[in-house]
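>
Numbering (my numbering), first residue to last: 9 to 233.
#1: Can you give me the start and stop residues for the beta strand (DSSP E) that residue 117 sits inside?
#2: Comparing alpha-carbon positions, which option in 148, 93 and 191 lies nearest residue 159?
#3: Going by C-alpha distance, which of 189, 182 and 178 is nearest residue 172?
#4: Taking 8 Å as the threshold (C-beta atoms), are residue 58 and residue 200 in contact?
#5: Examine the Cβ distances between the segment 70-84 and the segment 100-119 and report whether three or more of them are shorter than 8 Å.
#6: Taking the Cβ atom as the reference point for each residue, do residue 141 and residue 121 lie within a distance shorter than 8 Å?
#7: Ignoring anything shorter than 3 residues, give me the beta strand (DSSP E) runs that lie fully in the segment 125-160, in order along the chain.
#8: Any idea what DSSP makes of residue 49, helix, strand or coil?
#9: Could you pull out every residue in the same chain whose Cβ sits closer than 6 Å to the Cβ of residue 215, ignoring the five residues on either side in sequence?
#10: Using the C-alpha atoms, what's the distance from residue 112 back to residue 225?
#11: Do residue 98 and residue 217 have their beta-carbon atoms positioned less than 8 Å apart in this structure?
#12: Quick check on residue 168: does DSSP put it in helix, strand or coil?
#13: Using 10 angstroms around the beta-carbon of residue 8, count the other beta-carbons present and answer buried if the total reaches 16, otherwise exposed.
#14: In the DSSP output, what is residue 63 paired with across the bridge?
#15: Reducing DSSP to helix, strand and coil, say where residue 87 ends up.
#16: With a Cβ-Cβ cutoff of 8 Å, do residue 197 and residue 176 count as a contact?
#17: What separation, rounded to the nearest whole angstrom, lies between the Cα atoms of residue 118 and residue 56?
#18: Run through DSSP, which three-state label would residue 106 get?
#19: Let's see if you can read the secondary structure: which residues bound the beta strand (DSSP E) around residue 215?
#20: Just checking my contact of residue 52 with residue 167 at CB under 8 Å: how many whole Å lie between their CB atoms?
#21: For residue 230 and residue 180, I'd like the C-alpha separation in whole angstroms.
#22: Which value, in whole angstroms, describes the spacing of the CA atoms of residue 68 and residue 210?
#23: So the beta strand (DSSP E) residue 56 belongs to, where does it begin and stop?
#24: Give every residue of the same chain whose Cβ lies closer than 7 Å to the Cβ of residue 203, excluding the five residues on either side of it in the sequence, and list them in chain order.
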């Protein structure tokens, strides 16, 4: 029978304490982050339409590969349209359309508000319902994009969803959201750098619907049961 030395025992004890403290910190809501999260939430009025432009980076941490590009988000209330290169996602508060313009396919589904994947399908819920759906931790000043931003890490309360962690990087002066990072459980890290956000009162409701007449050769694949 192997007998642990005092040094080994102390090392194991220290690891156990650190593990406990870490898990405990993930299971609470850090009050130091509240003012920044509330400020970000206040930037979005669900009754107004917005256009958001961003640069994005998609990193496969397992394969050590990455891709980057530009994207645009149109949103009003829970409705939105996201365009990332050949991928377009529409959500009209009823159906979710996931389109690939290269393969000429669009998948149609109906997100369930009671399922953890709903947060993924309706991103504004992350910002507006952070207290309800997330535990979060204030990290503080973090170097990002050549400046110091306030980092806040959010962890879904329902761990059965596809994402393990969300990071928000907020400007400490303006308290505006500048960068979002989303970590998928399969080792994919998405970084979204917001370059412009403005109110667009001319935005039409039809922008949130997939128009089959505009893409006549696209195959529509229903995932609705």
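Built from N, CA and C at the ideal position, the CB exists for glycine as well.
The short version:
#1: Element bounds for residue 117: 113-117.
#2: 148
#3: 189
#4: no
#5: no
#6: no
#7: Given a length threshold of 3 residues, each whole run of the beta strand (DSSP E) inside the segment 125-160 is given here in chain order: 142-152.
#8: helix
#9: 82 and 89
#10: 7 Å
#11: yes
#12: coil
#13: Not covered by the structure: residue 8. The range shown for the chain is 9 to 233.
#14: 78 and 201
#15: The answer is strand: DSSP assigns residue 87 an E or B state.
#16: no
#17: 24 Å
#18: In this structure, residue 106 counts as strand in the three-state DSSP scheme.
#19: From DSSP, residue 215 is part of no beta strand (DSSP E); its letter is neither H nor E.
#20: 26 Å between Cβ atoms; not a contact.
#21: 45 Å
#22: Taking the Cα positions, residue 68 is about 38 Å away from residue 210.
#23: First-last for residue 56: undefined, no H or E at that position.
#24: 61, 62 and 63
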